[in-house]
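Protein chains in written order, with the numbering used here: chain A, 18 to 593; chain B, 22 to 163; chain C, 241 to 660; chain D, 24 to 243; chain E, 342 to 706. For reference, the structure is listed below as structure tokens.
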């Protein structure tokens, strides 16, 4: 006799995710991940100017707010063979890096921390001891007893006010919360601290892209020109501001994020043994050293790890027909050539088919998991279900011998007294996110210095107008734009005909991770991870499900595909 | 323009040119406010955050207004810095939050800025506060 | 043979419409500037004499029948028809108040050649029976007698004798294979017999071989004036026949404006083929002789002279500098009117107006423009080279009691020839 | 259509295509209507050419002869002023150049906006003066038909709406801009079916005029 | 319930001085784009203001609006959720998940029936669309919105998707997405468009509701005039270059570096009503035009379908060359046909024309 536990909405994520888990006793034996919202962006993109695509795709997600913009301009640039100036690539690297740091910190404190930190417990903490704890793990200056007492007073006033707001109905007091009150108070303080910090960190994207969320990009380079003599361009003052922001990021990562992660992890070492799932990992690689998008120069290497085998890295070809494919066996879509086959994204289709493919009419209690149960597709690499994201990247870095990563991983494992296999877990995933943040935060220096070096040398170009006009394009072109997004490997595939988008497909990190089962019944990464050694202390308060799911940092709006106007499902309602 | 005591014209940014247009409008507003103040004694507040400044415009405006003799710092929900410009009666009030992020930047045309005035309700309680402190001092015994 | 009728008129109008007409009507924006070029409007102040308005019948036919949009409008009843009443009303506008001087064609800002279209519009008027009596009479006489004034060869013969006796020269008649066939106009023969004498003396002086033809001496063309290409063609054919018969190289049009444009520009098209000879106005011939040094003159007129350019000669045929060259040869106190050459003002008599008694009042009114021009320059005598213009000038100046005699240029030239 | 933005998108989108299509259709039809009528052969011995004088007249007829200028200085001056002003606003305003470039791929430098703005203002005044003149001058009043007032209106509307939109005197801007574009579209639609065709045919007419006169050796 | 404490009381409890409170009010006035002289009125109102319950529903959205909210410098997100409002339901920020989250929503609705502020981001599949296109806890967006609406005092539609339909509604609107205003008929709606809205505009609107307890003055799109009263173009520091006719032609030419107007690069500033040019983004750091990016027009309805982002505003949305060419061809055919008829008429006229003879004339005479 199995019991079905439904968690919907999964909160503190981007988008609309539903998890249905089958319990045998207190153990999860089957899990189903469902994206429950669809918009149809790929369909909307058809027929439009490829140069505009970034703005549309960027609105796939406002959290990892730049990744789809970058992937889209890269897809167009790949299709056209469009080279961009070295400065533009460096600025994009800085923006990507800043996005990583910003996104990972926010994920940790604002989306993930409440799975590990009991806010209410913080009220019982002694600010002096909290101060001592904070000072023992970091040099961060905001660590006085008075500081923590202030935070506690504010929290107390808030809780006593009776309106708990966003903290209402948390699983406070759940036995799975194991932090002492002082650590909880420190984490609450840093929750608030990180909210303030992220506002500053976000400014880097604003300087280069005009706003955050949703900064601006342009095919062929970046929008912001460099001119030290101009008030209106990237000048010395602006560049100094960038330096200050990078310093602020690095300080916070070194003195708050990294120490907090290790400190909290120390109380949850049992989570190093559960939540692994697939054991297959995929990276497209990213962050080139030069002007060209050359995988040989990437900070994050490209490759696939299968079955935990770090000794063998498989290469990835984004253009090959038989490598990356998407399946819809359990998705609410139709493929014109049959619903059991996989399609390479160049040939991808997204025909909405909710009712016919097993969608249950709302309001519903339970999905029909035997049929379609998600708006997500199931991407596969050479037929394999793989995990993407920070853990995949850190494993790639580790496996390919990246020195800093090896040092970070080894010292963290040593500090926690855990074997290297501990990486393949919920805890490993969360720790990997922190470690790669440190790698990227430090790498910002190199890109910044290279940019300054170019400017000093009088190399100012930020945009290449050679292929700007669609009249200069071939009649037909196709390209793949890829990047490592904070949540993992992201690819956009574009087919251009007569200067217009003929087909557009995005295969995003959360589709890899959160996708439903494929035609062979092989689960996606979420599903596999939940099925891996997860026991629920209290089925009414499935905190454990949240921990593992949040360790992936879900971004569901990203993951959901779009519809095709050729199907009968398409509805055009316009109210004016 | 606004009077004789502004900074040395040689160091002033050149008037004219598109970058300067927004600042010129502000200076005009300040001039009206000053006249109004002289005529009626009513003060005026101008919120500089709502102006469409070009990059560098604000700096130029502040440089143009210059520094007078008075500066003050108020600690209330983060620092507020107050200084008189080189034009008497024209004050700059820079409200910042605890992270030293600017909340507003105002020009206040007045004898002195409102934020420096002790709140009347606080003064009402002043004697009580002083008594309490005296009492504390007596208890503790210096 | 049917009666003249509205239907025949419309058919005639349809036959006249071509690309220029369509371009012209498409372009008119009713700016009214053509009125400022028309002596009839300027001197009467009546806006109905605005030139482009005189074309309304032709315009309606074009719009209703030659534009898709107009056909739609006509189908919807939004485009008025051309009726017999309309044509009757327009008879005065097309004949009495227009000398086809072409000045409006030269000032229209959009480039409409209004005179070109007036000429075409008159075809429809004739065919529908709306031509003025005076012009009909002239046309009938011209066809039936060879002269619009009914003049006979024998009358001319008397003139010839007179010239021969007074000059001692022989006037060649029906001499074949000479250089020039000289044509005359009836009005010259009657009013200005000096002309023939002048020609005889000059050609003798210059040693030019010429002849008159007993088959055809009349150069004028009442068919062109009334606006009937059939009649005009008949008259032109007579000239061509005479010239061919005598095998002359050139035909000389006399001191008459419309005769020249009729023979020179319309003639070949009326008969549908090019001429086997050239056509010159007498002034052109004289200037060519001057240029060749074949005219030797002595003495110059000393009084203040001015010049009236006939519209047909100057504006409509480009003969402008020639007469000035000749004036310079024989006059030392020559002064041009302010607007002259292609911008000269019409005397008010051309285009058949002088043959149309009904139009007398308008003709005299239109002359006031010329009068004002002459007054501005204050000449002692006027010189011209068109019998119609000369008659109009003489009558008009007399009417206004202006003591300014009018002389023909050819005669004046003849008087200054060096005696052999 | 109560939504100004939807209105703007409509006039910028489908309506623009329709207007342009009707304009192209109408104008081509009109031009063919004219050209294919042809001319009859001319057998008279020419004294001058046709092409040269024709093209010359296309240009020279833009300038009034001195006598006409003296007799009708208002017509000449004001006519010039608003034609030139209209062309400046139409062809030298940067946003219009962008539009033309997008349509036909040809662009050229524009004028600073204040210059275009001043030209537009002068043009508006000149057009109003033209209308008053038309209503008061005996010849023009006599000549004028409803069509003349219609084309005055469709000429005036794009200018006034453009002026109001530029100065943001009516709001919201999408409405103002939409009205301006709509006015321009009405102009385009009306053009082939009214005497606004003179924008094209005047040059044809001038050429014929110059050619007819030129053949006779007269410079017209 | 202690929830009834006013903001003035809460601030004083936190040790905020009267002077600090005055400063807070000055900042609040600035935030709401009100004249600084309004500060005393704001102070008086804030003394009485209570934390309103806010229920925030996220439908077909990207979380960009929430992310934007977190970037607000004044009031900060911390101040907002701790002091200004009681954010009782918000997917991205709330601790609770699943059933517990839904319970929080239901409890808040019950406790504050008729008083809570309903905030929506994202569009939603309309009444005629398949409800399965977007569900939360198995409930369709439409049903959830309608239930929440019943007890709401007012609705704030945050972001262009909620306000105008936004990206999901872009051609061809595959999911039948509609805006909040399309559904709400009997409740006040404030639209706060932008993709996303300027952070401080979101908090400013919430603060305004808190301070004055009523809706701000709205324009015809139900946008607060204080923030959407002027077009980007009218407040743009690059406007003088537009007026001088100085334009950047590409993203890295002399003009781009000198900060010339971006009109030719497709800037939609003239038709876009938003506060970017004055409030700017991320604590006044910059804004798109300052970063060399033409304004996309993201706070306007239908901006996704308003033509290419790099097409100048004056350029038609979609030039249908084929249609125009076809029309031209039809024109040629029609013209040709008309002419063929006409020419026949001319020839017929020539043939039908009867020569006029003198005899006829004479008869008439």
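Ideal Cβ positions, reconstructed from N, Cα and C, are used throughout, including at glycine. Source: prediction; values computed, not measured.
Asked	Found
Chain E residues whose Cβ lies nearer than 7 Å to that of residue 468(C)	697
Element boundaries [beta strand (DSSP E), containing residue 495(A)]	493-502
Residue-level contact to chain D via CB, residue 258(C), 9 Å cutoff	yes
Distance between residue 216(A) and residue 270(A) (C-alpha atoms, nearest Å)	15 Å
Between the CA atoms of residue 404(E) and residue 442(E) - distance to the nearest angstrom	18 Å
Residues within the stretch 548-560 of chain C neighbouring chain D, beta-carbon criterion of under 7 Å	555, 556, 557, 558
Proximity below 9 Å, CB of residue 267(A) to CB of residue 458(A)	yes
Residue 721(E) vs residue 186(A) beta-carbon contact at 9 Å	Absent from the structure is residue 721(E), since the part of chain E shown begins at 342 and ends at 706.
Three-state secondary structure (DSSP) of residue 35(A)	strand
Presumed contact (8 Å Cβ cut-off) between residue 285(A) and residue 435(A), rounded CB distance	Wrong, their Cβ atoms sit about 11 Å apart, outside the cutoff.
Residues that residue 622(E) bridges to, as DSSP identifies them	627(E)
Interface flag, residue 671(E) vs chain D, CB-CB below 9 Å	yes
Residue 119(D): contacting residues in chain E (beta-carbon distance under 7 Å)	655
Chain B contacts from the stretch 353-384 of chain A (Cβ-Cβ distance under 7 Å)	none
Straight-line gap, residue 349(E) to residue 392(E) (C-alpha atoms, nearest Å)	11 Å
Minimum Cβ-Cβ distance from residue 380(C) to chain E less than 9 Å	yes
Cα-Cα separation between residue 59(D) and residue 698(E), rounded to whole angstroms	31 Å
Residue of 452(C), 386(C), 445(C) minimising C-alpha distance to residue 418(C)	452(C)
Burial state of residue 74(D) (16 or more Cβ within 10 Å)	exposed
Nearest-angstrom Cβ-Cβ length linking residue 101(D) and residue 144(D), presumed shorter than 8 Å	About 14 Å; that fails the 8 Å criterion.
Distance between residue 409(E) and residue 218(A) (C-alpha atoms, nearest Å)	13 Å
Same chain only: Cβ atoms within 6 Å of residue 534(C), ignoring 5 sequence neighbours per side	446
Span of the beta strand (DSSP E), counted from its first residue to its last, around residue 464(A)	Unbroken run through residue 464(A) is the alpha helix (DSSP H), 443-473; no beta strand (DSSP E).
Under 7 Å (Cβ pairs) to chain G, residues found in the stretch 349-379 of chain C	No chain G is part of this structure, whose protein chains are labelled A, B, C, D and E.
Distance CB(residue 542(E))-CB(residue 533(E)) smaller than 9 Å	yes
Cβ contact check for the stretch 364-380 of chain C and the stretch 603-614 of chain C: 3 or more pairs under 8 Å	no
Cβ separation of residue 250(A) and residue 600(E), assumed to be a contact under 8 Å, to the nearest whole Å	7 Å
CA nearest to the CA of residue 604(C), picked from 590(C), 617(C), 584(C)	590(C)
Boundaries (first-last residue) of the beta strand (DSSP E) holding residue 493(E)	493-499
Bridge-paired residues (DSSP) for residue 238(A)	235(A), 480(A)
As assigned by DSSP and simplified to three states, the class of residue 350(A)	strand
Listed by chain order, chain A residues near residue 417(E) by CB distance under 8 Å	212, 213, 216
Within chain E, partners of residue 125(B) - CB distance below 7 Å	367, 368, 371
Three-pair Cβ contact test at 8 Å for the stretch 470-485 of chain A versus the stretch 49-62 of chain A	no
Nearest to residue 410(A) (by Cα), restricted to the options 482(A), 423(A), 156(A), 274(A)	423(A)
Spatial distance of residue 524(A) from residue 315(A) (CA atoms)	21 Å
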